[in-house]
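Residues 1 to 295 in our numbering are what the sequence shown lists, from first letter to last. C-beta atoms are modelled at their ideal positions from N, C-alpha and C, and glycine is treated no differently. Keep in mind that this is a model prediction, so the values were computed, not measured.
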Amino acid sequence: MTSTQDPSVSPTSPSDAVTAGAHATEIARSGASNLRGPAAGGVDPQRVATVVGAALEGLRSAIREQQVTYEEFDAFKQWLIAVSDTGEWPLFLDVYLEFEVEKVAAATQQGSVGTILGPFWLDGQVHLDSPATLPMRDDEPGTPMILAGQVTATDGTPLAGATVDIWHTDADGWYSGFAAAPPAGNLRGVVRCDDQGRFEIHTRKPAPYTIPLDGPTGQMTQAAGWSPWRPAHLHLLVAAPGHRTLTSQLFFTGDPYLGNDVASADKPELTLDPQPTGNGDEVRADRDFVLERET
Ligand code: MBD
Ligand code: FE
């Protein structure tokens with residue numbers, strides 16, 4: 001890591017790509033964010049040759065087709081170095097490639113549709129019993145929102161031991177742990193479902209999110225004229241003993257960035273349409289999850 005930031009400490013500048021990047025890099029380096037199973041341990045040389053060979057051939061064919069110049073090749077080198085220097089590999093990889101890996105994984109999975117994890121999950125958050133209110137500031141901005149539902153197995157059996165690990169931005173688009181404004185643990189928690197697998201989570205509606213614009217991932221995105229925005233989303237890990245953990249996100253009807261997610265992670269099945277509860281400006285969305293039995 002080239003940054004001198006201590007990754008265990010929240011960054012102090014909210015839009016600082018380097019501090020957010022350093023933290024995400026440290027988590028990825030430790031393997032803590034590998035939630036879909038341990039590394040295969042030992043890489044098959046034939047697989048290396050096949051996959052790395054195909055990836056390199058993709059780049060070589062871009063050079064041939066686009067007649068890439070030395071000037072462009074040198075700019076590419078400098079950009080790659082900047083991605084390392086800012087710790088943005090997790091951000092870049094999760095924004096531009098993870099959705100394709102998720103599609104490969106999803107093709108052999110049963111139960112609820114999921115999507116990518118992204119770079120901002122944190123381990124070790126507070127455990128709460130349902131109904132739960134996520135940790136938040138006294139004056140937490142945004143529309144009060146309830147997410148409620150039930151976790152079942154593919155045969156319909158309620159999963160009593162289920163947990164819903166949830167994390168999302170505040171109403172200004174900042175993630176706790178990666179930006180200065182929200183305190184540690186803000187709008188993050190692991191909610192234990194009741195004996196019928198039911199959960200009810202009280203939080204605030206998140207805001208659309210732009211990837212950091214002061215780092216190489218955002219700068220490349222803008223240089224290409226692409227949108228750096230993600231639609232507002234809740235991140236979820238839905239887990240139960242003996243079942244495959246579902247990694248998902250939930251989006252909101254009417255969001256201006258739906259269908260134009262820089263991370264290509266939004267899916268029609270994942271859209272919520274929260275309705276007023278009549279309690280002030282509070283809204284509520286209901287969503288059930290189905291988990292596949294582990295084989
Ligand atoms: C995010 O908030 C996110 O969820 C992903 C996948 C990539 C960048 C920022
Ligand atoms: Fe996110």
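Check                                                                                                             : Outcome
Segment limits, alpha helix (DSSP H) that includes residue 90                                                     : 89-96
Contact test: residue 118 Cβ vs the ligand FE heavy atom, cutoff 6 angstroms                                      : yes
Among 232, 162 and 182, nearest to residue 244 - alpha-carbon criterion                                           : 162
Cβ separation of residue 21 and residue 117, assumed to be a contact under 8 angstroms, to the nearest whole Å    : Incorrect: roughly 17 angstroms between the Cβ atoms, too far for contact.
Proximity test, residue 54 beta-carbon vs the ligand MBD heavy atom, cut-off 6 angstroms                          : no
Per-residue DSSP class, three states only, for residue 244                                                        : coil
Exposure of residue 283, with buried meaning 16 or more beta-carbon neighbours within 10 Å                        : buried
Nearest-angstrom Cβ-Cβ length linking residue 197 and residue 150, presumed shorter than 8 angstroms              : 5 angstroms
Start and end residues, beta strand (DSSP E) containing residue 167                                               : 163-168
Reference residue 202, options 215, 187 and 208, closest by Cα                                                    : 187
7 angstroms CB neighbourhood of residue 169 in its chain, flanking five on each side removed                      : 175, 206, 207 and 209
Neighbourhood of residue 252 by C-beta, 6 angstroms cutoff - its chain only, sequence neighbours within 5 removed : 232 and 272
Residue 209 Cβ short of 6 angstroms to the ligand MBD heavy atom set                                              : yes
Beta-carbon proximity of residue 234 to residue 250, cut-off 7 angstroms                                          : yes
Own chain residues within Cβ distance below 6 angstroms of residue 257, not counting five before or after         : 208, 229 and 231
Cutoff 8 angstroms; reference residue 126; Cβ partners in own chain excluding five residues on either side        : 135, 185, 188, 189 and 190
Residue 95: CB within 6 angstroms of a non-hydrogen atom of the ligand MBD                                        : yes
Touching by the beta-carbon criterion (3+ pairs, under 8 angstroms), the segment 79-88 and the segment 213-223    : yes
C-alpha distance - residue 83 paired with residue 178, whole-angstrom precision                                   : 17 angstroms
heavy atom of the ligand MBD below 6 angstroms from residue 232 C-beta                                            : no
Cβ neighbour criterion (16 or more within 10 Å) applied to residue 254                                            : exposed
Entirely enclosed beta strand (DSSP E) segments - the segment 76-156, minimum 3 residues                          : 127-129 and 144-153
Beta strand (DSSP E) segment containing residue 234, residue limits                                               : 234-239
Pair within 7 angstroms by beta-carbon distance, residue 160 and residue 129                                      : no
Residue 141 and residue 181 closer than 7 angstroms at C-beta                                                     : no
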